[in-house]
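Have a look at the structure below, then the notes.
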Amino acid sequence: MNPLLVADLTVFVLALLVGFEVISKVPATLHTPLMSGANAIHGVVIIGVMLLAAVVSTGPGQVVLAGAAFCAAMNVTGGYVVTDRMLAMFRSRS
Amino acid sequence: MSVFDTAVHLIYLACAVGFVAGLHLMNAPATARRGNRISGLGMAVAVLVTAAVLVHEGDAGVGAVTTLVAGALAGGVAGTVAARRVRMTAMPQLVSVFNAVGGGAAALIALGDPPDGTRAAVAGVLDVLIGAVTFSGSLVASGKLAGKIAGQPIIVPFGRPAAAALGVIAAGLGVLVIGFDAPVAALYGLAGCALAAGILLTLPIGGADMPVVISLLNAFTGTAVAMAGFVLASTPLIIAGGLVGAAGAILTSLMADAMNRSIGAIIAGGYGTGDAIAAAAGPGSAPVRETTADDVALQLAYAEQVVIVPGYGLAAAQAQHEAVALAEALSQRGVRISYAIHPVAGRMPGHMNVLLAEANAPYEQLRDLEEGDADLARADVALVVGANDVTNPAARRPGNPVSGMPILDVDKARSVVVIKRSLGHGYAGIDNELYTDPRTTMLFADAKEGLASILAALHAYA
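So the sequences go chain by chain: S and D. 93 is the number that the working numbering gives to position 93 of the first sequence; each next residue is one higher, with no gaps. Each position in the second sequence, counted from 1, maps to that position plus 1000 in the working numbering.
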């Protein structure tokens, strides 16, 4: 097995475990903002889309790039904005 | 590794730390907003660093960069506008749309940068497969949640065999891509099969199962993003994908447990009739005691502790503001108030909590299943608004459709008031024994009008 793949796989598995550990402590009250906040985090796919700009040149490639850029940007901005809006509503008694 | 590359990787690492720290701060309502902002800051830095990489390497043509920026600006505006305008009751469908586009972007990465070599090809095939299924599946789920597609299970003729056939074709194409360097067209064919399969798999799933389905699709997107990370050898994508995959998996299993349904049975579909109030059933065998708003107002006003049990009927009637107004009026009279919230009270995990928070209920009063049961055992009055199956004591006995489902112990309260339009059934389609309990009285009314008339009576008489 390629050492790069082993390293990537290690990172992936450890990220899963950290995710389980951290997220299992989130109370049920916050499960909706948690899901939309996690949704925003997978908006990191936008940096993958940016790297795509270095390899596409053809017409069809441009279409794929435009679609991917639209989707990823919508995911990341919408995700963070809506999560912030929700969390602002959680107020204490005082 | 050059100094530039080293710096880039270390900054990416800092961004990943930001994501984890952000999720960690979500463990309490007081710090959650800061957590989300830290996570967002990490994201902004990651985007800026990647822009620096593009400039530094200079491989991207002007045309490609223009396309990228234009697409991203349009998507950013669309996302921001949707996020600012959405009503809190419509949150599940918007989160589904954001989930869909995330999966779609991940799938498009592998299509735009066709992987070469076995290692990248395996990740690329998985990326396209999972990303495309998530894209179409989440859009169908969003349509169902928004009421644009019928909420009841839609049975497509030959849907199951068709989905299985698509799976076989997709697997064949995947093998061609991985083992035989098939042309890019094979990858597009794979994407087409996966899109169709996503639609066929989601259509038969009923409205009641939506909290599980959108959690599961969230886990899928995380996995697809991680696979895109394997294709591009990009660590931030792999880490973020892993974190989101874990979040989705945890929520999926919590929701499935809360409904006592296996994930396999949910995917098989056919359960739950969507958002419609179930058809009114005939009168049950035992008599129920009817009450009036005036009587309920007095009963609540002279209680020491009242637990409000909100269900989806409350959200459907937009009655959360009336519920919180009544709770505040009672609080001012010295009544202790809490809300006992079942995990599947809304249309996505935690949805009911957001609706109550929007109506200004302090988060200290929001209780989960266990805390809610502790409060109910001490409560003078349990006020059930729009919740049905999750309060049915029959769940404690074997041999009926709700057997084994975790319920709120509403029947442990000293007295129970149920606001409901009729004696209609919930998703499970059985009589609720709570309604015929001698300590229960029923106020037959729409949730919003019922709560408003109790509040009016409270002001008038008490």
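Note that beta-carbon positions come from the ideal geometry of N, C-alpha and C, so glycine has one too. These figures come from a predicted structure and were not determined experimentally.
{"Check": "S/Thr32, DSSP secondary structure in three states", "Outcome": "helix"}
{"Check": "Three CB pairs or more closer than 8 Å across the segment 1318 to 1331 of chain D and the segment 1180 to 1188 of chain D", "Outcome": "no"}
{"Check": "Exposure label - D/Gly1104; buried when at least 16 CB within 10 Å", "Outcome": "buried"}
{"Check": "Three-state class that DSSP yields for D/Ser1338 in the structure shown", "Outcome": "strand"}
{"Check": "Three-state secondary structure assigned by DSSP to D/Ser1262", "Outcome": "coil"}
{"Check": "Interface partners of S/Ala3 on chain D, CB under 9 Å", "Outcome": "Residue identity differs from the one stated: residue 3 of chain S is Pro in this sequence, not Ala. None at all; the shortest Cβ gap to chain D is about 11 Å."}
{"Check": "Below-8 Å beta-carbon distance, S/Val81 vs any chain D residue", "Outcome": "yes"}
{"Check": "Neighbour flag for S/Val76 against chain D, beta carbons, 8 Å", "Outcome": "yes"}
{"Check": "Pairwise C-alpha distance: D/Ala1293 and D/Ser1453", "Outcome": "6 Å"}
{"Check": "Host alpha helix (DSSP H) of D/Phe1158 (start-end)", "Outcome": "It is not in any alpha helix (DSSP H) - D/Phe1158 carries neither H nor E in the DSSP assignment."}
{"Check": "Per-residue DSSP class, three states only, for D/Ala1382", "Outcome": "strand"}
{"Check": "Limits of the unbroken beta strand (DSSP E) element including D/Lys1144", "Outcome": "Element bounds for D/Lys1144: not the beta strand (DSSP E) but the alpha helix (DSSP H), 1118 to 1146."}
{"Check": "Residues of the segment 57 to 72 of chain S with Cβ closer than 7 Å to any Cβ of chain D, in chain order", "Outcome": "Ser57, Gly61, Gln62, Val64, Leu65, Ala66, Gly67, Ala68, Ala69, Phe70, Cys71, Ala72"}
{"Check": "Residue-chain proximity (S/Val55, chain D), Cβ-Cβ < 8 Å", "Outcome": "yes"}
{"Check": "Chain-ordered chain D contacts of S/Val6 [CB-CB under 9 Å]", "Outcome": "Within 9 Å Cβ-Cβ: nothing; S/Val6 doesn't reach chain D, min ~11 Å."}
{"Check": "CB contact check: D/Glu1358 to chain S, cutoff 8 Å", "Outcome": "yes"}
{"Check": "Residues near D/Gly1035 in its chain [Cβ-Cβ closer than 8 Å; skip 5 each side]", "Outcome": "Ala1021, Gly1022, Leu1023, His1024, Leu1025, Met1026"}
{"Check": "Ranges of the alpha helix (DSSP H) found wholly within the segment 1421 to 1461 of chain D, counting only runs of at least 4", "Outcome": "1447 to 1461"}
{"Check": "Where D/Gln1305 falls: helix, strand or coil (DSSP)", "Outcome": "strand"}
{"Check": "Proximity below 8 Å, CB of D/Val1381 to CB of D/Thr1391", "Outcome": "no"}
{"Check": "Members of the segment 1084 to 1095 of chain D near chain S, C-beta cut-off 9 Å", "Outcome": "Arg1084, Val1086, Met1088, Met1091, Pro1092, Leu1094, Val1095"}
{"Check": "Per-residue DSSP class, three states only, for D/Ile1277", "Outcome": "Because D/Ile1277 carries a pLDDT of 40, less than 50, the predicted location of this residue cannot be relied on, and no value is offered for it."}
{"Check": "Cutoff 8 Å: D/Glu1328 Cβ touching any chain S Cβ", "Outcome": "no"}
{"Check": "Pairwise C-alpha distance: D/Asp1209 and D/Leu1200", "Outcome": "16 Å"}
{"Check": "D/Met1259 beta carbon less than 8 Å from that of D/Ser1215", "Outcome": "no"}
{"Check": "Any C-beta of chain S under 8 Å from that of D/Met1259", "Outcome": "no"}
{"Check": "Residues near D/Val1213 in its chain [Cβ-Cβ closer than 6 Å; skip 5 each side]", "Outcome": "Ala1141, Ile1205"}
{"Check": "Spatial neighbours of D/Leu1126 in its chain, beta-carbon cut-off 7 Å, leaving aside the 5 residues before and after", "Outcome": "Met1227"}
{"Check": "Collapsed DSSP secondary structure at S/Pro3 in the structure displayed", "Outcome": "helix"}
{"Check": "Interface residues of chain S facing D/Glu1364 [CB-CB closer than 7 Å]", "Outcome": "Ser92, Arg93"}
{"Check": "Residues of its chain near S/Val44, where Cβ-Cβ distance is below 8 Å and the 5 sequence neighbours each way are ignored", "Outcome": "Val76"}
{"Check": "Cβ shell of D/Asp1295 (< 6 Å), same chain only, five flanking positions each side left out", "Outcome": "none"}
{"Check": "Per-residue DSSP class, three states only, for D/Pro1283", "Outcome": "The predicted position of D/Pro1283 is uncertain, since its pLDDT is 46 and thus under 50; no value can be drawn from it."}
{"Check": "S/Ile47 (DSSP reduced to helix, strand or coil)", "Outcome": "helix"}
{"Check": "Delimiting residues of the alpha helix (DSSP H) encompassing D/Gln1320", "Outcome": "1320 to 1332"}
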